[in-house]
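Data block below; observations after.
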Amino acid sequence: MTDPHHQDPEDRLPVERAVALGTAKLMPDIDRDAGWLLTLDGTPQSYVDLADPGYLEFEYVQRIAHLVDLAAPAGRPLEALHLGGGALTLPRYLAATRPGSRQRVVEVDGPLTELVREALPWPDGIAVTVGDAREALAAEPDASADLVVADVFRGSRTPAHLTSAEFLREVARVLRPGGCYAANLADGPPLAFARAQAATLRSVFPQTCLAAEPGVLRGRRYGNILLAGSTAPLPVRDLGRRLAADPFPARLVEHEELAGFVRRVRPVTDADAEDSPPPPAGAFSIG
């Protein structure tokens with residue numbers, strides 16, 4: 338396949354292919370000459386601008402990027418492990434904003450990875466392997482990453498084995514002292530899954546925070562929620578300011594407010610872990 342980055346915008350055509358977890362489709366963005374949207378069974382998965390990896394279309398990715406920006410002094414290379422790949426939006430962003438970073442990406446869907454490799458090739462410094470996220474995590478050396486990002490969905494649900502305290506203890510083992518963990522999840526009213534995940538995070542990491550749009554936090558609608566954890570203080574003041582200034586502002590929940598959010602909620606273990614709840618019909622789908 339010809340690299341879409343080098344095609345005239347008028348000549349770029351959608352690409353559809355059966356992959357391991359469904360039907361993937363790459364659609365060119367008519368408003369951005371090098372922009373591509375990846376969907377899986379009609380649900381948006383990733384957006385990539387090959388000419389501008391700093392352009393982040395999805396709000397939840399912008400929030401993770403804010404955290405990554407503040408996780409270390411600007412420009413400092415990081416050792417990063419990404420659980421969940423898609424079209425590698427965040428690894429591309431990190432490669433552009435922190436040159437010299439070494440990144441490992443684990444994606445369970447091999448045919449999807451091949452489609453992305455052919456159509457949207459990624460830069461050097463990003464190593465992608467096909468496999469289960471938790472199995473790959475267990476094989477990582479101790480204290481080998483500055484950053485671990487979990488953004489894993491099978492269909493539209495986070496798999497149960499990536500929601501437990503045992504999983505998070507593996508994350509903590511892989512992180513260097515002061516390293517940061519960020520997870521994207523999705524939930525809706527009454528936010529039982531999000532509360533349980535926040536309680537589980539707090540049982541493993543001494544420093545934690547949560548961010549989401551106010552309507553999601555109030556239990557009014559389904560949406561993405563960012564969880565972050567570390568052994569070192571998180572940059573909550575600067576992160577809160579960035580989140581509030583976004584086109585679709587999010588609110589940061591920390592310290593006493595987060596403790597109240599998870600009050601009387603028990604951490605999740607492997608024995609009782611469940612997939613995240615399915616979204617309402619049409620929550621993320623596009624026509």
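Residue numbering for the sequence shown follows our numbering, starting at 338 and increasing by one per position. Every residue gets a Cβ at the ideal spot worked out from N, C-alpha and C, and that includes glycine. Every value quoted in this text rests on a predicted model; they were computed, and no experiment measured them.
Check: Expressed to the nearest angstrom, what Euclidean distance is found between the alpha-carbon atoms of E416 and T360?
Finding: 32 Å
Item to check | Closest Cα partner of C517 within the set H498, E472, L407 | outcome: Residue L407 is the option with its Cα nearest to C517.
So P586 packs on L580, CB below 8 Å; how close in whole Å?
A Cβ-Cβ separation of about 6 Å places P586 in contact with L580 under the 8 Å criterion.
Since I believe V445 is in contact with D469 (beta carbons under 8 Å), could you give me their beta-carbon distance rounded to a whole number of angstroms? Confirmed, Cβ separation roughly 6 Å.
What did DSSP end up calling P448 once you bin it into helix, strand or coil?
-> helix
Judging by CA-CA distance, which residue of S540, V511, T545 is the nearest neighbour of L589? Each of S540, V511, T545 was checked against the Cα of L589, and the nearest Cα belongs to T545.
message: Would T568 and F542 be called neighbours here (beta carbons separated by less than 8 Å)?
response: yes
Near P617, what residues of its chain come up, given a Cβ to Cβ distance below 8 Å and the 5 sequence neighbours on each side ignored? Closer than 8 Å at Cβ, skipping near neighbours: G525, Y559.
Open item on the list: Using a Cβ-Cβ cutoff of less than 8 Å, which residues in the same chain neighbour V289 once the five nearest sequence positions on both sides are dropped?
Closed with: Beyond the ends of the chain as shown, which are 338 and 624, falls residue 289; an answer cannot be given.
message: Going by DSSP in three states, L589 sits in which element: helix, strand or coil?
response: strand
Same chain only: Cβ atoms within 8 Å of R506, ignoring 5 sequence neighbours per side:
Taken in chain order, the residues that qualify are V541.
| From what residue to what residue does the alpha helix (DSSP H) around G552 run? | Start and end: 551 to 554.
### Task
Report yes if the C-beta distance between R400 and P414 is below 8 Å; otherwise report no.
no
Next item on the list: Can you give me the start and stop residues for the alpha helix (DSSP H) that D583 sits inside?
Entry: Run containing D583: none; DSSP gives neither H nor E here.
By the three-class DSSP mapping on this structure, what secondary structure does P572 have? Residue state, collapsed to three classes: coil.
**Message:** Let's test the definition: count the other Cβ atoms within 10 Å of the Cβ of P496 and tell me whether it reaches 16, buried, or not, exposed.
**Reply:** buried
Inset, instruction - Can you grab the Cα-Cα spacing for the pair A548 / I367, in whole Å? - result: 31 Å
>> Here's the rule: buried if 16 or more other CB atoms are within 10 angstroms of the residue's CB, otherwise exposed. What is D461?
In response: D461 should be labelled exposed.
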